[in-house]
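J.:
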Amino acid sequence: AQSVTQLGSHVSVSEGALVLLRCNYSSSVPPYLFWYVQYPNQGLQLLLKYTSAATLVKGINGFEAEFKKSETSFHLTKPSAHMSDAAEYFCAVRNQAGTALIFGKGTTLSVSS
Amino acid sequence: EAGVAQSPRYKIIEKRQSVAFWCNPISGHATLYWYQQILGQGPKLLIQFQNNGVVDDSQLPKDRFSAERLKGVDSTLKIQPAKLEDSAVYLCASSLEGQWDTGELFFGEGSRLTVL
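Protein chains in written order, with my numbering: chain A, 7 to 119; chain B, 16 to 131.
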């Protein structure tokens, strides 16, 4: 069965610091992996996705993620945090039927000045 | 392009009452999803439609939840009777196809339900 585990429910960084949000997956088939962001009182927005092409995926707002099969990981990074990055981030994997997404519990990112 | 529209944004009801949420997906999107997001958890799929047919409702509590997508466009999710544990944000999402490669789901802003 497909699942994702996000390590750390809350991450705090200073403005300008590296952002690292961790996601590990479990999948019985080659995975399709996603990161979504949710700003307060807004819907989820796609940040980036891995669909078996390049292992380093670049997304919007300067975020990127690297697919590592040996580590079953898909961690999200950004070299320099901005205050506007404060939000909740969800890692997701496509279900085995290929028709829907299974989400992790989310990581809240706080950015301080 | 208009996004996924949901209403109402907020609803407060007493337990055992009923509630209905409405969703209008992005024009042309064949697939519509209802997810439940309980505070502190990730979204959980309740039901998935392709056009007006149900693809997956395995996690829908059918004794109290029902959903329909008449004419393959708008959808309504109903809870009757509501329980305290139904307090959550109900997210509607749509995508172009059911079996897709891009995998992008477009989400509405959600309907926040509080059951007292």
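For glycine and all other residues, C-beta sits at the position ideal for the given N, C-alpha and C.
Using DSSP with H/G/I as helix, E/B as strand and the rest coil, what is Asp71 (chain B)?
T.: The count along the second sequence starts at 1 and reaches residue 71 (chain B) at position 56. Three-state DSSP puts Asp71 (chain B) in a strand.
J.: By the criterion of Cβ-Cβ separation under 7 Å, what are the contact partners of Ala106 (chain A) in chain B?
T.: Your numbering for residue 106 (chain A) matches position 100 in the first sequence. Simply Tyr48, Leu60, Gln63, Asp71.
J.: Show which residues of chain B have a CB atom less than 7 Å away from the CB atom of Phe96 (chain A).
T.: The sequence position of residue 96 (chain A) within the first sequence is 90, counting from 1. Within 7 Å Cβ-Cβ: Gly57.
J.: Got a sec? Which residues, its chain only, sit under 6 Å from Tyr48 (chain B) by beta carbon, not counting five neighbours each side?
T.: On the second sequence, residue 48 (chain B) is found 33 positions in, with the first residue counted as 1. Closer than 6 Å at Cβ, skipping near neighbours: Gln63, Ala108.
J.: Decide if the stretch 92–112 of chain A is in contact with the stretch 27–42 of chain A; the criterion is three or more beta carbon pairs, one per stretch, under 8 Å apart.
T.: Taking 8 Å as the limit for Cβ pairs, the verdict is that the stretch 27–42 of chain A does touch the stretch 92–112 of chain A.
J.: Going by CA-CA distance only, name the one from A:Gln51, A:His88, A:Phe40 that's closest to Thr72 (chain A).
T.: Against the first sequence, residue 72 (chain A) aligns to sequence position 66. It is Glu, not Thr, that sits at residue 72 (chain A) in the sequence shown. If we check each option's Cα against that of Glu72 (chain A), A:Phe40 comes out closest.
J.: Identify the residues that DSSP records as bridge partners of Gln51 (chain A): which are they?
T.: In the first sequence, residue 51 (chain A) corresponds to position 45, counting from 1. Note: Gln51 (chain A) sits in a beta bridge opposite A:Val43.
J.: Starting from His81 (chain A), follow its DSSP beta bridges and name the residues at the other end.
T.: Working through the first sequence from its first residue, we reach residue 81 (chain A) at position 75. The partner list for His81 (chain A) (beta bridge, DSSP) reads A:Glu72.
J.: Which residue spans inside the stretch 53–106 of chain B form an unbroken beta strand (DSSP E) run of at least 3?
T.: DSSP runs (the beta strand (DSSP E)) wholly in the stretch 53–106 of chain B: 59–65, 68–71, 80–83, 90–94.
J.: Give a yes or no on whether the C-beta atoms belonging to Leu92 (chain B) and Ala82 (chain B) are separated by under 8 Å.
T.: Sequence index remark: in the second sequence, residue 92 (chain B) carries index 77 (1-based). Sequence index remark: in the second sequence, residue 82 (chain B) carries index 67 (1-based). Their beta carbons are under 8 Å apart, which means Leu92 (chain B) touches Ala82 (chain B) by this criterion.
J.: What distance in whole Å lies between the Cβ atoms of Gln12 (chain A) and Thr113 (chain A), which are believed to be in contact at a cut-off of 8 Å?
T.: Counting from 1 along the first sequence, the entry for residue 113 (chain A) is found at position 107. Counting from 1 along the first sequence, the entry for residue 12 (chain A) is found at position 6. With 8 Å as the limit, Thr113 (chain A) and Gln12 (chain A) qualify as a contact, their Cβ atoms being about 5 Å apart.
J.: On the three-pair Cβ rule with 8 Å, is the stretch 26–46 of chain B touching the stretch 79–98 of chain A?
T.: Because the criterion of three Cβ pairs below 8 Å is not met, the stretch 26–46 of chain B and the stretch 79–98 of chain A do not touch.
J.: Taking Cβ-Cβ distances shorter than 8 Å, what residues in chain B pair up with Gln102 (chain A)?
T.: Translated into positions along the first sequence, residue 102 (chain A) becomes position 96. Residues of chain B passing the Cβ test: none, with the nearest at roughly 11 Å.
J.: Label Glu112 (chain B) either buried or exposed according to how many other C-beta atoms from any shown protein chain fall within 10 Å of its C-beta, with 16 as the threshold for buried.
T.: The sequence position of residue 112 (chain B) within the second sequence is 97, counting from 1. Exposed, since its Cβ has fewer than 16 Cβ neighbours within 10 Å.
J.: Can you give the beta carbon distance from Ser18 (chain A) to Lys111 (chain A), rounded, assuming they're within the 8 Å contact cut?
T.: Within the first sequence, residue 18 (chain A) is the residue found at index 12, counting from 1. Within the first sequence, residue 111 (chain A) is the residue found at index 105, counting from 1. So it is not a contact: roughly 17 Å between Cβ atoms.
J.: Report yes or no: is there a C-beta of chain A within less than 8 Å of the C-beta of Glu119 (chain B)?
T.: Stepping through the second sequence from its first residue, residue 119 (chain B) is reached at position 104. So yes, Glu119 (chain B) belongs to the interface.
J.: Just the chain B side, please: which residues come within less than 7 Å of Gln8 (chain A) by C-beta, in chain order?
T.: Here residue 8 (chain A) refers to the residue found at position 2 when the first sequence is read from its first residue. The contacting residues do not exist; Gln8 (chain A) stays about 12 Å from chain B at best.
J.: Alpha carbon to alpha carbon, how far is Phe121 (chain B) from Leu26 (chain A)?
T.: What you label residue 121 (chain B) is simply residue 106 of the second sequence in a count that begins at 1. What you label residue 26 (chain A) is simply residue 20 of the first sequence in a count that begins at 1. Cα-Cα distance, rounded: 25 Å.
J.: Compile a chain-ordered list of the residues in the stretch 60–94 of chain A whose CB is closer than 9 Å to at least one CB of chain B.
T.: If the cut-off is 9 Å between Cβ atoms, the stretch 60–94 of chain A has nothing near chain B.
J.: Since Leu107 (chain A) sits in a beta bridge, which residues does DSSP pair it with?
T.: What you label residue 107 (chain A) is simply residue 101 of the first sequence in a count that begins at 1. Leu107 (chain A) pairs with A:Arg100.
J.: Could you tell me which chain B residues have their CB closer than 7 Å to the CB of Leu52 (chain A), listed as they occur along the chain?
T.: By one-based count along the first sequence, residue 52 (chain A) stands at place 46. By Cβ distance, chain B contributes Glu119.
J.: Report the three-state DSSP secondary structure of Ile41 (chain B) (helix, strand or coil).
T.: Taking the first residue of the second sequence as 1, we reach residue 41 (chain B) at position 26. The answer is coil: DSSP assigns Ile41 (chain B) none of H, G, I, E or B.
J.: Out of curiosity, what's the CA-to-CA distance linking Pro23 (chain B) and Leu54 (chain B)?
T.: In the second sequence, the residue the question calls residue 23 (chain B) occupies position 8. In the second sequence, the residue the question calls residue 54 (chain B) occupies position 39. Looking at the two C-alpha atoms, the distance is approximately 18 Å.
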